[in-house]
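Numbering (the numbering used here), first residue to last: 93 to 373. Scroll down for the structure; my scribbles are underneath it.
Written as structure tokens, this is what we have:
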């Protein structure tokens, strides 16, 4: 972008912008306008919602199409004051070590929502967040992470979840995994209201095999729960349902097992509520 074109961005209305959506084109012939991004991030003082995602109008190339976050959002012209964001979304990007630079330009203590979906090299990003959160007083209330990466991200996510308390919403979608950071989730027991595990839209994904009951018993204030349960592998959920409800016919099929689990949960919750009722005497 030429200097005279940069001047066209200097409009008084920029001061009123609160949301910025950056759609990244990854085609080799696409040219990213770094100057425009720099100017927008530097001259939008009321910006509180930043979304950086791949342009889905573009066809998937045959090679790796994940653009580096650092190449999309280079350092701002003026970093004397941090970005005061309430919500940050990163989608279909390569985060990696270079993403740490962006985090140091954000006032982490004001961030309320973080959505990371379909990105690669997420572990360094989460590790950097853990370091920042351990030194700040974060106000993050909503966390949504979806990734097809293997085991390293689980450890980083678990460590990140344990650096602070206060999440009300946790959404973790990792279709290729059968584990989730149980200890990290239970770390937010006093505030957690919504928990979603797995890609519930796809019933044929590999189900989670974890002791979900530990989470549900610990997080007693949950109001909404969505968990991807497969028809053949319910893991420790089987322990919550009376055996006469399951009526196991063979080694693989467990008819009505989901219904039995939910009925058992409802019975247990009702019994727990009765146990804590004060006596009339």
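All C-beta atoms, glycine included, are put in the ideal place defined by N, C-alpha and C.
Asked	Found
Residue 195 to residue 187 span [Cα, whole Å]	11 Å
Exposed unless 16 or more other CB atoms sit within 10 angstroms - verdict on residue 213	buried
C-beta contact flag for residue 263 and residue 288 at 8 Å	yes
Of the listed residues 205, 191, 234, nearest to residue 216 (C-alpha basis)	191
Cβ separation of residue 276 and residue 249, assumed to be a contact under 8 Å, to the nearest whole Å	7 Å
Cβ-Cβ separation, residue 259 to residue 280 (assumed contact under 8 Å), whole Å	4 Å
Cβ neighbours of residue 202 in the same chain (closer than 6 Å, five flanking residues each side left out)	176
For residue 235: DSSP bridge partner residues	206, 262
Within 8 Å, strictly: CB atoms of residue 229 and residue 205	no
Backbone secondary structure at residue 143 - three-state DSSP	strand
Coil, strand or helix - residue 272 by DSSP	coil
Selected residue, minimal CA-CA separation from residue 226, among 207, 247, 256	256
Delimiting residues of the beta strand (DSSP E) encompassing residue 251	Here residue 251 belongs to no beta strand (DSSP E); instead the alpha helix (DSSP H) covers 244-253.
Three-state class that DSSP yields for residue 200 in the structure shown	helix
Cross-strand partners of residue 111 (DSSP beta bridge)	141
Bridge partner(s) assigned by DSSP for residue 280	Bridge partners of residue 280: none, in fact.
Distance CB(residue 109)-CB(residue 139) smaller than 8 Å	yes
Proximity to residue 285 [Cα-Cα], best of 318, 137, 238	318
Residue 193: first and last residue of the uninterrupted alpha helix (DSSP H) it sits in	192-195
Exposed unless 16 or more other CB atoms sit within 10 angstroms - verdict on residue 231	exposed
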